[in-house]
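Residue numbers (my numbering), protein chains in the order written: chain R, 10 to 515; chain U, 10 to 515; chain Z, 10 to 515; chain B, 10 to 515.
Each residue gets a CB set at the ideal place from its N, CA and C atoms; glycine is no exception.
Inspection log for the structure reproduced underneath, given as structure tokens.
Number of protein chains: 4
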Amino acid sequence: MPDDPPSRLTDAWRFCVGTGRFDLALRRDYQESLALVQREIGFRHIRGHGLLSDGVGVHRPYELRGTRHVRHVFTYVDQVIDAYLDLGIAPFLELGFMPSGLASGGQTVFWWQGNVTPPRSWQEWAALVRATVTHLVDRYGLDQVRTWPIEVWNEPNLKEFWLDADQDAYHRLYEVTANTVKDVDASLQVGGPAISPGSDEWLVRFADFVAERSLPIDFVSRHAYTSGPAQHVPFGVHQTLAPPSRLLEQFATPRRQLRGGPLADLPVHITEFNSSYRPDNPIHDTAFHAAYLAPVLAAGGDLADSFSYWTFSDVFEEAGVPASLFHGGFGLLTHRQIKKPAYHLYAFMARMGEEILARGQDHLVTRDDAGRVTALAWAPVDVTGGPPVDGHTVRLSIPVSSPSGRAFLLRSSVSEEKGNAWRAWCEMGRPASPRSRQLDALREAAEPVRGHRSLPIEDGRVALDITLDRHEVTLLEITPVVDETSPWGDRWDDRRLLGLDEEAAP
Amino acid sequence: MPDDPPSRLTDAWRFCVGTGRFDLALRRDYQESLALVQREIGFRHIRGHGLLSDGVGVHRPYELRGTRHVRHVFTYVDQVIDAYLDLGIAPFLELGFMPSGLASGGQTVFWWQGNVTPPRSWQEWAALVRATVTHLVDRYGLDQVRTWPIEVWNEPNLKEFWLDADQDAYHRLYEVTANTVKDVDASLQVGGPAISPGSDEWLVRFADFVAERSLPIDFVSRHAYTSGPAQHVPFGVHQTLAPPSRLLEQFATPRRQLRGGPLADLPVHITEFNSSYRPDNPIHDTAFHAAYLAPVLAAGGDLADSFSYWTFSDVFEEAGVPASLFHGGFGLLTHRQIKKPAYHLYAFMARMGEEILARGQDHLVTRDDAGRVTALAWAPVDVTGGPPVDGHTVRLSIPVSSPSGRAFLLRSSVSEEKGNAWRAWCEMGRPASPRSRQLDALREAAEPVRGHRSLPIEDGRVALDITLDRHEVTLLEITPVVDETSPWGDRWDDRRLLGLDEEAAP
Amino acid sequence: MPDDPPSRLTDAWRFCVGTGRFDLALRRDYQESLALVQREIGFRHIRGHGLLSDGVGVHRPYELRGTRHVRHVFTYVDQVIDAYLDLGIAPFLELGFMPSGLASGGQTVFWWQGNVTPPRSWQEWAALVRATVTHLVDRYGLDQVRTWPIEVWNEPNLKEFWLDADQDAYHRLYEVTANTVKDVDASLQVGGPAISPGSDEWLVRFADFVAERSLPIDFVSRHAYTSGPAQHVPFGVHQTLAPPSRLLEQFATPRRQLRGGPLADLPVHITEFNSSYRPDNPIHDTAFHAAYLAPVLAAGGDLADSFSYWTFSDVFEEAGVPASLFHGGFGLLTHRQIKKPAYHLYAFMARMGEEILARGQDHLVTRDDAGRVTALAWAPVDVTGGPPVDGHTVRLSIPVSSPSGRAFLLRSSVSEEKGNAWRAWCEMGRPASPRSRQLDALREAAEPVRGHRSLPIEDGRVALDITLDRHEVTLLEITPVVDETSPWGDRWDDRRLLGLDEEAAP
Amino acid sequence: MPDDPPSRLTDAWRFCVGTGRFDLALRRDYQESLALVQREIGFRHIRGHGLLSDGVGVHRPYELRGTRHVRHVFTYVDQVIDAYLDLGIAPFLELGFMPSGLASGGQTVFWWQGNVTPPRSWQEWAALVRATVTHLVDRYGLDQVRTWPIEVWNEPNLKEFWLDADQDAYHRLYEVTANTVKDVDASLQVGGPAISPGSDEWLVRFADFVAERSLPIDFVSRHAYTSGPAQHVPFGVHQTLAPPSRLLEQFATPRRQLRGGPLADLPVHITEFNSSYRPDNPIHDTAFHAAYLAPVLAAGGDLADSFSYWTFSDVFEEAGVPASLFHGGFGLLTHRQIKKPAYHLYAFMARMGEEILARGQDHLVTRDDAGRVTALAWAPVDVTGGPPVDGHTVRLSIPVSSPSGRAFLLRSSVSEEKGNAWRAWCEMGRPASPRSRQLDALREAAEPVRGHRSLPIEDGRVALDITLDRHEVTLLEITPVVDETSPWGDRWDDRRLLGLDEEAAP
């Protein structure tokens with residue numbers, strides 16, 4: 010954490026969120042989940058794979074009088090983006106993967122078979138990119154589309170995602186694509202190389218290539234994950250994790266690598282991040298995970314212009330149809346909108362203000378423009394397998410807008426015992442496809458536990474001693490009290506209310 | 010409590026609920042509150058005053074060619090009853106008060122000025138009753154309307170509600186009205202005398218009168234309240250309360266009084282009950298109140314065919330427009346749907362089964378047709394002003410449908426500290442008309458606190474030792490676990506999940 | 010109509026709309042109606058009576074220790090204004106009538122008994138105004154409230170609305186009120202005198218008074234109606250009407266009267282207008298009425314800064330509870346949201362553009378910023394009782410954005426035979442309180458009839474010869490066609506589709 | 010048509026409707042379309058392909074300790090069926106196609122690649138069927154599931170749908186499957202063989218096989234289509250059609266074929282029917298199509314127990330992602346819920362009564378239990394390409410429940426010119442993916458045109474002379490008028506309403 014933290018909490022933590030493949034957005038469960046996320050969190054952009062893959066049906070070759078033609082079809086593209094905009098979220102476009110009718114080979118990635126080979130015709134690829142971007146500008150307007158970053162492909166440094174992980178071939182793809190995008194309109198934003206961790210050298214070579222050829226580039230992007238190798242069991246995986254600080258280090262890498270070069274001032278987007286990169290690691294479902302991510306959300310904005318949680322929902326099919334309600338999916342929400350602890354971490358962040366009043370290893374205190382003070386605190390996590398920490402304490406002295414009087418504190422918490430639907434689901438016997446009544450119980454178990462108190466203000470500050478449960482993340486909302494108690498207080502006496510003794514009267 | 014309790018929990022507790030005057034049902038806040046109540050509680054009938062009062066506009070005299078005529082107008086009657094039926098609730102009709110165009114005098118009750126004098130023409134009154142009942146049968150069908158009890162007037166034993174509390178005049182009103190109703194259709198249900206506590210002798214005289222004249226009667230009704238005299242302060246009142254058993258005694262009175270007489274077998278409806286009869290007594294807003302009512306809801310069905318909580322919502326104007334969000338109103342819900350502890354008591358009751366497995370001074374255990382076991386437990390209340398009881402314990406041994414294995418327990422609680430929005434509101438400084446953000450905080454503070462555990466089943470039973478907070482009412486939902494944990498458990502190990510040590514693994 | 014019409018269609022026609030008394034806005038039917046109106050029309054402000062009358066419960070005197078105090082209660086004020094803002098409409102505040110606890114006499118207006126006497130204490134009145142305005146600024150923010158015009162009282166020139174129609178007393182009321190409003194914040198907008206037609210001299214005297222005393226004033230207001238004296242029958246009224254041009258003349262009066270004086274440049278708000286001022290004149294329900302109002306909406310914005318249709322909904326009780334679904338109420342919508350022809354006139358206006366391309370006695374042609382061209386045309390009405398005009402023709406030459414090709418025309422019409430629910434209701438036997446199925450049929454009968462055609466563009470214009478039915482108002486939406494017919498048209502042939510002969514192929 | 014038609018209109022026309030593949034039901038557009046269909050039409054069951062195909066993810070082989078296991082996963086099955094039941098529709102289960110992990114070969118059908126080869130293990134197939142049916146019974150209850158017909162495979166008589174169209178192999182599939190279903194519970198309904206037109210001999214052989222082996226069978230099923238061979242163009246097809254009577258003949262075939270044999274009394278379900286079997290034939294979008302289907306819906310119930318329109322929505326992907334809003338899809342609704350004329354035919358049918366009063370070549374007259382009389386009339390269609398018929402007349406004499414007085418007629422029509430969104434879309438230039446405003450215009454253009462009149466009743470009948478536009482289908486709803494016109498009619502006079510002359514007064 011920098012010595013002298015910036016005084017503003019930027020939107021980097023909610024600039025973007027990840028999603029399963031593009032056409033999953035046609036689903037009702039997906040859209041209801043996104044609506045909930047937007048109501049309580051409010052991301053700005055959404056990014057996923059598969060815009061140009063066969064399931065979306067954009068690239069449609071046909072024969073007429075013996076000649077090959079291609080029709081570009083936007084039936085689903087428009088349905089999805091219309092829905093996004095209705096929900097107050099805009100695309101972060103990822104151009105990929107390859108339509109099978111344009112692919113040079115048959116290699117695919119994922120259960121849903123995204124083709125990862127280069128185009129067999131660069132001209133037809135450019136026509137596809139041009140038609141797509143032009144269509145979006147026509148339909149949604151240039152003012153709108155120029156705010157949508159356009160990223161070229163996904164993780165080309167991995168053989169799974171790009172044939173032979175051939176960097177030169179990627180550079181050609183970038184050149185053709187970026188030039189085509191800019192040809193539609195020079196104000197559109199294009200970037201790359203969207204690399205996964207473990208190939209940091211790619212970015213340096215990519216920067217050199219772009220600079221040498223004076224190619225258009227408006228941002229650079231990479232991903233960040235902290236899990237070790239996967240030990241598979243059926244429908245699941247065991248992995249180790251590096252500590253959360255390792256995520257922040259990865260966020261910081263692009264600026265460090267580009268410092269002093271021609272791309273030094275470009276925005277840096279971490280277009281995917283999570284602990285584990287596996288969609289079947291139960292860590293994603295746990296209270297541990299929220300506490301693990303809390304310091305990352307609190308500090309990540311110092312290091313990158315955005316970091317996009319991979320992904321907002323378990324409506325996701327890279328490893329096939331999920332076999333159980335909880336299955337270690339990336340989602341902040343399960344199918345049918347059960348909130349995981351990490352969901353609440355994001356919802357808590359959404360109640361923070363823009364001005365940072367204090368920040369530490371286990372807390373962040375902010376104030377919004379209306380003067381409301383909010384604090385987030387979290388318990389430390391141990392990735393070494395040591396005994397979990399119970400009863401971690403945080404001591405805060407919170408400045409408020411009144412010099413004296415009282416403040417109202419509303420505290421919302423998730424932890425191993427609170428707001429932890431995964432634990433309730435385990436206790437229920439891990440039902441693969443819970444019944445309606447079980448889903449209701451899980452929804453109730455998933456709610457944060459709320460507490461409230463009235464606290465004295467002294468010298469314009471409220472003193473708070475917070476004790477945190479195991480893996481607790483807690484939101485503290487503090488508001489100075491405007492006392493509207495009636496002027497006939499001498500006639501009214503709470504102590505005469507049955508059940509309220511002297512001490513208990515509020 | 011009877012030695013040998015009946016084995017079924019009847020619908021008496023939810024057969025009916027009270028409401029503010031008829032035309033308040035046109036309001037959006039009212040209908041949204043009722044929709045919520047119906048979703049989570051599900052009352053069968055709803056009863057309030059004012060169907061025939063001026064605000065509903067039914068009785069409309071006019072002159073034509075020098076002669077007086079009366080038009081009967083059902084614009085609002087239909088809007089309200091249409092809305093009720095859409096929400097799955099049916100009227101419990103109360104015929105009253107007197108339209109000013111038909112009244113023999115000017116005496117009114119309440120801020121909204123219901124006229125409480127006899128009709129100046131019995132013929133015109135009978136025509137009004139006939140037109141109203143006939144219209145309802147025409148619009149909603151006889152099959153529907155014959156399930157709606159029709160009660161003649163309200164609390165005629167009080168001077169405030171019936172001129173001079175003249176019982177003979179009431180008997181005449183009953184005779185004319187009951188005969189008219191039966192004249193529309195003999196299968197309609199009519200009853201009375203809807204008396205308030207304190208005039209028990211009225212029922213005996215009324216029964217004699219009805220029997221002597223062989224008048225139609227399908228049910229008898231009375232009210233039950235337990236508060237002492239009011240000591241007023243501006244916008245509020247202090248009152249003592251009798252213990253909750255006093256409510257049960259009042260419920261039992263009609264059957265006792267009528268035993269052996271010709272009306273002995275009639276259904277008994279307690280058409281209003283509450284602790285205090287004042288709409289400005291803050292006791293209604295408290296956790297104490299839920300604990301006070303719990304034994305009444307658990308046992309009342311043994312003593313009467315229904316007992317109707319007065320009232321479901323604070324949308325209520327007998328003492329004028331409420332001056333503050335919390336103001337001691339009768340409602341289970343405040344304006345804008347903040348749930349009071351008593352709301353949750355009713356919502357907990359709505360999750361109980363029909364078969365009573367056990368019942369005691371502080372608990373009720375039931376099972377539903379699907380075999381789900383539910384227990385309600387409550388802390389004792391002290392109406393003498395003694396120190397409140399903290400940490401009351403309840404020990405239960407709950408039979409479940411499996412002989413062994415484990416059961417999932419979901420516990421939901423309200424108490425002084427949990428799910429108590431009134432206390433949060435006091436801590437906030439008692440804002441008369443809270444802002445949107447404050448309403449959100451109150452809604453969050455109003456939710457029951459949930460906990461869950463996995464418990465061993467031994468010999469087909471689950472042992473529960475419950476400790477109750479001050480004024481706690483708690484719902485325990487117990488479901489035997491069908492374990493779907495995967496057969497590759499030897500490859501999967503929760504203990505390898507970070508943050509879950511041996512003991513903490515679910 | 011001016012010789013040289015302005016080229017912009019201002020928002021004057023939708024700057025404000027009238028409503029029944031303030032507390033009716035608590036109703037569900039009211040709010041659903043307003044939601045519909047806002048979705049399809051989109052007014053900016055809403056103005057009605059009764060903010061300070063007893064039903065809203067703002068002014069609440071009480072005694073404490075023998076002294077009179079007044080509490081100001083905003084429970085309902087906040088519920089209503091919260092709802093307005095949620096629906097995208099803001100108040101046009103009218104300060105009145107007198108709370109009974111502050112009134113100097115007992116005279117009331119309307120079935121709902123608004124007290125129309127001066128305050129018995131000017132100081133307590135000023136305190137009431139100050140508390141109300143201050144509360145609104147606190148809750149909604151000054152930026153918001155300063156956009157809400159604040160009008161002092163209603164039609165003080167009529168004895169029904171202001172004791173003895175005493176202009177000097179009104180001047181005092183204005184002075185105290187305007188000064189108090191400005192004392193809360195000088196940027197708030199205050200105005201008057203909200204006079205009815207027939208007392209034009211009031212405005213001159215009022216202007217002199219304000220100028221002499223240098224009182225604050227931000228706008229002047231008056232009303233406009235065109236009906237003759239009422240001949241009453243039970244639950245209805247017969248009246249003659251002046252031609253629609255008489256409404257425009259009234260709109261023009263204030264600017265004419267104030268020309269050259271110190272108030273000459275103030276905004277002029279016609280804070281009420283309609284044909285008949287009676288809420289029981291069936292003319293409001295007819296197709297005639299839409300055709301009558303059409304030229305007023307098309308031209309009124311040249312003459313005043315706003316003209317507010319009195320009222321958007323039949324949820325209205327000045328003459329008591331409406332006795333029948335259609336009853337001659339002012340509403341654009343009946344109870345339960347049946348659309349009257351005048352509703353559609355407003356909905357058609359809401360689809361017009363801002364740029365006026367042409368305007369005449371029977372038409373208005375506009376273009377919006379996106380280049381879409383829209384025309385409104387209407388049949389002439391005869392207020393003398395002469396035979397109605399059938400088959401009026403309008404010939405238009407509409408400029409579009411393409412020089413050639415084709416344009417798509419969508420035409421929507423209401424007339425005696427089309428989209429006229431009142432006529433269907435009459436044919437149904439005028440059911441006072443229609444059943445659900447009848448309401449469905451009325452809703453279907455209330456929809457405009459739609460037609461569409463493809464028209465040739467010649468020299469950048471589309472020629473339209475429109476024939477209008479009796480009392481027809483028609484909206485023509487014209488869009489140049491971008492032909493996406495597929496390039497394999499030689500292989501596809503619509504004429505081979507069954508049922509489509511040469512001529513019928515689209 | 011039979012000489013002596015049955016007097017009841019059965020539910021056969023709405024017993025079932027077709028749908029695109031099972032997992033499309035997860036989509037929001039699909040569910041919103043189905044919700045609309047259920048609100049206005051109300052089908053009982055829904056049938057489509059693909060329950061067991063890979064996209065639903067039921068059959069999930071995995072290895073554990075070197076052994077193959079299969080997990081059965083119902084994540085999506087439950088989401089879809091939960092949604093169906095919420096929408097008031099139940100599955101008509103079709104067991105197929107083959108999971109790729111169980112398939113004996115690689116042959117697939119459709120763009121979405123349903124595998125059509127027999128199982129490589131009959132035991133694993135039986136386990137899959139058993140697990141699926143058992144799961145459904147567990148989750149939804151036997152009372153529910155026994156009302157869901159279970160059909161074995163789809164069109165096994167076609168090589169495209171079943172390897173080599175091998176009837177013996179199908180018989181084995183039927184035997185294993187039917188026995189397994191009955192093994193779960195004997196009360197479940199199982200049937201087949203779901204053959205397409207053109208292989209009528211299959212049913213005879215199938216019946217013999219089933220009877221010989223005494224196999225369980227609860228219903229027989231087949232399909233009906235009337236189109237000739239396809240002449241393809243890009244993204245479309247031209248076909249001839251047989252007249253609608255040919256559909257009725259196909260409906261009648263199974264009963265005729267089975268007459269006298271052991272399966273003679275079984276229910277016959279036409280589990281698919283339409284004119285063309287191609288999802289890219291624009292005939293489905295036309296007004297012609299509604300008129301073509303009208304006599305089939307009116308008479309089909311005499312010949313079969315159900316006939317299921319293929320399909321309710323254009324959300325359908327057998328030929329790939331639809332390339333344009335209108336594309337000749339089967340749907341009653343397009344994507345985004347534009348209603349086609351055939352939709353309205355079904356919605357009109359949903360307003361018919363159960364008692365048939367009259368029936369002819371161009372009309373059907375019914376009465377419902379409440380005495381409401383409804384008539385459907387349709388223009389004749391010509392499938393030979395002859396000139397379309399304009400102005401076809403139908404003369405009806407409709408019995409109503411009153412001997413005299415007047416009746417209210419509401420008429421709703423679709424035809425070439427009315428309620429025909431496809432024509433409007435053509436006039437718009439056939440936009441592949443219309444903008445929001447264009448969709449609004451299409452929705453308006455898609456509404457039936459409504460008219461209404463008051464008609465005299467003479468001798469208990471209403472005489473109607475109806476003239477039909479080209480390809481018109483019209484619904485006539487006739488209700489006797491209960492006249493509530495006020496008794497002061499001599500004081501009120503409609504003729505004094507402006508614009509209403511003697512003749513025009515309603």
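Scanning chain Z for C-beta atoms nearer than 8 Å to the C-beta of R/L73 yields P496, W497, R500, reported in chain order. In the three-state reduction of the DSSP assignment, U/R420 falls in the strand class, which pools E and B.
The CB of U/V242 comes closer than 7 Å to the CB of W497, R500, W501 in chain R, given here in chain order. Excluding its 5 nearest sequence neighbours in each direction, B/P276 has C-beta neighbours in its own chain below 6 Å: F228, D314, listed in chain order. Residue-level contact check: Z/P331 touches chain U, since one or more beta carbons of chain U fall below 7 Å from its beta carbon.
Counting only the Cα atoms, B/A450 lies some 16 Å from Z/M358. Distances from the alpha-carbon of B/L473 to those of B/D95, B/I279, B/R420 put B/R420 closest. One Cα belongs to R/L302, the other to R/H480, and the distance between them is close to 11 Å.
The Cβ neighbour count for U/S205, taken over all protein chains shown within 10 Å, is at least 16; the residue is labelled buried. Between the alpha carbons of U/L257 and B/V46 lies a gap of roughly 51 Å.
B/Y301 does not reach chain R, its nearest Cβ partner there being about 27 Å away, counting only Cβ pairs nearer than 8 Å. Not a single CB atom of chain B sits nearer than 7 Å to the CB of Z/G362. Membership of R/L484 in the beta strand (DSSP E) is indicated by the continuous run 482-489. Using beta-carbon distances, Z/A416 does not count as an interface residue toward chain B, since no partner is under 7 Å.
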